[in-house]
Amino acid sequence: IVLQGEGCRTVPLSGHVGFDSLPDQLVNKSVNHGFCFNILCVGETGLGKSTLMDTLFNTKFEGDPASHSQPGVQLKSNTYDLQESNVNLKLTIVSTVGFGDQINKEDSYKPIVEFIDAQFEAYLQEELKIKRVLHNYHDTRIHACLYFIAPTGHSLKSLDLVTMKKLDSKVNIIPIIAKSDAISKSELTKFKIKITSELVSNGVQIYQFPTDDESVAEINGTMNAHLPFAVIGSTEELKIGNKMMKARQYPWGTVQVENEAHCDFVKLREMLIRVNMEDLREQTHTRHYELYRRCKLEEMGFKDTDPDSKPFSLQETYEAKRNEFLGELQKKEEAMRQMFVQRVKEKEAELKEAEKELHEKFDRLKKLHQDEKKKLEDKKKSLDDEVNAFKQRKTAAELLQSQAQQAGGSQTLKRDKERKK
Amino acid sequence: PHAGPVEGKNEAAMSELVPEPRQKPAVPMKPMGINTNLLGYIGIDTIIEQMRKKTMKTGFDFNIMVVGQSGLGKSTLVNTLFKSQVSRKSSGWNREEKIPKTVEIKAIGHVIEEGGVKMKLTVIDTPGFGDQINNENCWEPIEKYINEQYEKFLKEEVNIARKKRIPDTRVHCCLYFISPTGHSLRPLDLEFMKHLSKVVNIIPVIAKADTMTLEEKIEFKQRVRKELEVNGIEFYPQKEFDEDLEDKTENDKIRQESMPFAVVGSDKEYQVNGKRVLGRKTPWGIIEVENLTHCEFALLRDFVIRTHLQDLKEVTHNIHYETYRAKRLNDNGGLPPMTVETEENHESNL
């Protein structure tokens, strides 16, 4: 017999209990465990993706600059361990290689979408395992996608729109204008407005910094209005005044990366890391991943049954699907085996036929050979006979001749004698 | 500074605070101050604050079950633990309610708030446990209830369109009340704990410990610990789930010296040495509940609430629930039971 209490009342506490340490307990466990953060940088070759990452995280990540002659779009992924105070962060940076370099860019977005889906799939597979270790799983799902826009000053390229449209339901997109020291301030304002309106009119959902928590609502709200962030990256430090700063030096002046009047780098860092990193992770898990999971499972033919009907329909459906699949496999296997046996028989028959032919040919040749031989022998025999006959005649002739000669000799003598008479 | 691939740990060299390995601050410092003005500060340690804010916003659930014969002071203890009337006491001798014929499960939820932290606390009472003449299998309804909560969670988790936050009714902690006989554990105690320690975190407590002297208490505790060990009963914190050396040393001390906690509960306050304290008044003195020389209530409270609350939930979720899930999926799918777990043996649910 189970009795459930209804409707939770709030009861007052008469003293200090101590569960206000709960957030600390939770956070401590997370700190011990370490954190994961995965960033995807999408953008054409040469837009400064690697440099921006180096600048954001204050280190020189490995890698050589990419060439423009890639046959297709690839993704390069690297994982690093960073530590600050007592926080250990496993940072994975994935960059596109060769994006925008091909002549035909129709399929350029595909490797990116496939990569993002593959990370969701890996997590889903782990989640579906019977014996699973989710709390120790190294999460590779992409938490933030920085989309690098070329600083043309005009508008978004069609490649950008197409790609972002394909990605917006799968990942948190933060669009940024790269190498923005190429644009003047007035052009920049117009550019940002143009980009924003194009995104809106094409229905591209970019990541909105959350405004539901009062403590960050204001700053996030303001920042949302500054999107896309115009950034500049630089790992070179120059002495400006009496401080060392990250900057780029031109003949006409020096651009300071961390100067908010020069570019939005500080805003990006603030939003991406210092304020919303956790929200980006949460959105990835509760929104993008759930969407992927739902679609994937529906695709495989699963449906939620209503709660009254048999529980655990998913498991049973799995079983049914699995049996169906195995059955199909078996049928295929059977069919293949049949075909194999058939082919073998045919081949065997062919070979037998060929063998028979060969035998026949052999016999024929043999016979021919024998006939020939016989003919030759006959000929030889007749030749021998002729030769013998000839020999006989010859001997006979020679005998006659010699006889004749003798007789003739005497006859000649006789004739001579007669004449003489 | 170079950051290489995964093999080595790298420090962002600009960070001034030299980080200690596995540092567990009691309360992580807010990262404003020294670091922010340092050249090269990235700000990844702000994630602690971000995470803390988010969890405070969502709030917490905690479900605690109390098991023991009637009259052992279960409700009083829970009310003392949470300093509020979260559990209704049965009214002693003159009860309007009769002793239930079987074990009942009563789960009542309240919301309590402290320091900005909102907690939905559900106290699950088990009246009738051990009160019959024949108590055979009286743990079964309890085990059934616990498994039902796992089942509820599993069903929700397995849905295609699932809730953002799955409501958690799983029992995170089960306080088992041992009668302070001073001799040894009863067969019922052993049977219950043997069965249930495999599915839920059990914390044994010696109830009404004000009937034992200090020496009797120490001896009794030793005997109880020995008996539990001999019977292979693993109570929380279980040895096999210690995460690291630090956990192990901390928990070993608790397992081998402090537990089972000998407690006294009370919701009445008295004046002692000018202070108002929770206590029990007897002709021979006032037993101060929160005085460590009188009883171990404060130890229990600190253990369950102030240090291990989150861990109780995590062990329930990561271990007990997973065990239930794996067993359930195995049975249901008719797949062969897993014996040794190796990488290769991980069967997918597909």
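Residue numbers (full-length UniProt numbering), protein chains in the order written: chain X, 1 to 421; chain P, 1 to 350. Where a beta carbon is used, it is the ideal one built from N, C-alpha and C, also for glycine. Please read these numbers as outputs of a predicted model, since none were measured by experiment.
{"Check": "Listed by chain order, chain P residues near Lys239 (chain X) by CB distance under 7 angstroms", "Outcome": "Result: empty, since nearest Cβ-Cβ is about 13 angstroms, beyond 7 angstroms."}
{"Check": "Closest by C-alpha distance to His143 (chain X), when choosing among X:Phe120, X:Gln74 and X:Leu227", "Outcome": "X:Phe120"}
{"Check": "Near-chain P residues of the segment 14-32 of chain X - C-beta to any C-beta below 9 angstroms", "Outcome": "Ser14, Gly15, His16, Val17, Gly18, Phe19, Asp20, Ser21, Leu22, Pro23, Asp24, Gln25, Leu26, Val27, Asn28, Lys29, Ser30, Val31 and Asn32"}
{"Check": "Any chain X beta carbon closer than 8 angstroms to Lys30 (chain P)", "Outcome": "Confidence in Lys30 (chain P) is poor, its pLDDT being 34 and thus under 50, which makes the residue's placement unreliable; the coordinate value appears in the next sentence. Lys30 (chain P) does not count as touching chain X."}
{"Check": "Buried or exposed by the 16-neighbour rule on C-beta atoms within 10 Å, applied to Gly241 (chain X)", "Outcome": "exposed"}
{"Check": "Distance, Thr126 (chain P) Cα to Val103 (chain P) Cα", "Outcome": "6 angstroms"}
{"Check": "Counterpart residues of Gln271 (chain P) in DSSP-defined beta bridges", "Outcome": "P:Arg276"}
{"Check": "Phe340 (chain X) - partner residues in DSSP beta bridges", "Outcome": "Beta-bridge pairing links Phe340 (chain X) to no other residue."}
{"Check": "8 angstroms Cβ cutoff, Ser215 (chain X) in contact with chain P", "Outcome": "yes"}
{"Check": "Residues that Gln249 (chain X) bridges to, as DSSP identifies them", "Outcome": "X:Thr254"}
{"Check": "Interface residues of chain X facing Gln310 (chain P) [CB-CB closer than 7 angstroms]", "Outcome": "Leu22, Gln25, Leu26 and Lys29"}
{"Check": "Contacting positions in the segment 251-281 of chain P - beta carbon closer than 9 angstroms to chain X", "Outcome": "Asp267, Glu269 and Leu278"}
{"Check": "Three-way DSSP call (helix, strand, coil) for Ser70 (chain P) in this model", "Outcome": "coil"}
{"Check": "Close beta carbons around Thr55 (chain P), own chain, < 6 angstroms, minus the five adjacent residues each side", "Outcome": "none"}
{"Check": "Residues near Gly279 (chain P) in its chain [Cβ-Cβ closer than 8 angstroms; skip 5 each side]", "Outcome": "Ser266, Lys268, Glu269, Tyr270, Val272, Ile286, Ile287, Glu288 and Val289"}
{"Check": "8 angstroms Cβ cutoff met for Val86 (chain P) and Val111 (chain P)", "Outcome": "no"}
{"Check": "Runs of beta strand (DSSP E) lying entirely within the segment 60-102 of chain X, each at least 3 residues, in chain order", "Outcome": "74-84 and 87-97"}
{"Check": "Reduced DSSP category for residue 423 (chain X) - H, G, I as helix; E, B as strand; rest coil", "Outcome": "In this structure chain X extends from 1 to 421, so residue 423 (chain X) is not present and cannot be described."}
{"Check": "Beta carbon of Pro228 (chain X) nearer than 8 angstroms to that of Lys185 (chain X)", "Outcome": "no"}
{"Check": "6 angstroms Cβ shell around Val27 (chain P) - same chain, five flanking residues per side excluded", "Outcome": "Any answer about Val27 (chain P) is weak, because its pLDDT of 35 lies below 50 and its placement is not dependable; what the coordinates show is given next. Result list for Val27 (chain P): empty, nothing under 6 angstroms."}
{"Check": "Coarse secondary structure for Cys174 (chain P), derived from DSSP in three states", "Outcome": "strand"}
{"Check": "Best match in X:His135, X:Leu167 and X:Lys105 for proximity to Phe115 (chain X) [C-alpha to C-alpha]", "Outcome": "X:Leu167"}
{"Check": "Cβ pair count under 8 angstroms reaching 3, the segment 68-84 of chain P against the segment 204-211 of chain P", "Outcome": "yes"}
{"Check": "Neighbourhood of Tyr207 (chain X) by C-beta distance below 8 angstroms, restricted to the same chain and skipping five residues each side", "Outcome": "Ala144, Asn172, Ile173, Ile174, Leu280 and Gln283"}
{"Check": "CB-CB length for Lys194 (chain X) against Leu47 (chain X), believed under 8 angstroms", "Outcome": "In fact, because the Cβ distance is near 18 angstroms, the residues do not count as touching under 8 angstroms."}
{"Check": "Secondary structure of Glu44 (chain X), DSSP reduced to three states", "Outcome": "coil"}
{"Check": "Same chain, Cβ closer than 6 angstroms to Leu124 (chain X), five either side skipped, listed in chain order", "Outcome": "Arg293"}
{"Check": "The alpha helix (DSSP H) enclosing Cys145 (chain X), as first and last residue numbers", "Outcome": "Run containing Cys145 (chain X): none in the alpha helix (DSSP H); it sits in the beta strand (DSSP E), Ala144 to Ile149."}
{"Check": "Closer than 8 angstroms to chain P by CB, Cys8 (chain X)", "Outcome": "yes"}
{"Check": "Cβ separation of Leu52 (chain X) and Gly233 (chain X), assumed to be a contact under 8 angstroms, to the nearest whole Å", "Outcome": "4 angstroms"}
{"Check": "Minimum Cβ-Cβ distance from residue 352 (chain P) to chain X less than 8 angstroms", "Outcome": "Missing from the structure shown is residue 352 (chain P); chain P here goes from 1 to 350 and no further."}
{"Check": "Cβ neighbours of Arg141 (chain X) in the same chain (closer than 7 angstroms, five flanking residues each side left out)", "Outcome": "Asn38, Gln119, Phe120, Tyr123, Thr284 and Tyr289"}
{"Check": "Interface partners of Phe60 (chain P) on chain X, CB under 9 angstroms", "Outcome": "Phe19, Leu22, Pro23 and Leu26"}
{"Check": "Contact check, Lys243 (chain X) vs Glu236 (chain X), beta carbons under 8 angstroms", "Outcome": "no"}
{"Check": "Exposed unless 16 or more other CB atoms sit within 10 angstroms - verdict on Glu278 (chain X)", "Outcome": "buried"}
{"Check": "Chain P within 8 angstroms of Lys76 (chain X), Cβ atoms only", "Outcome": "no"}
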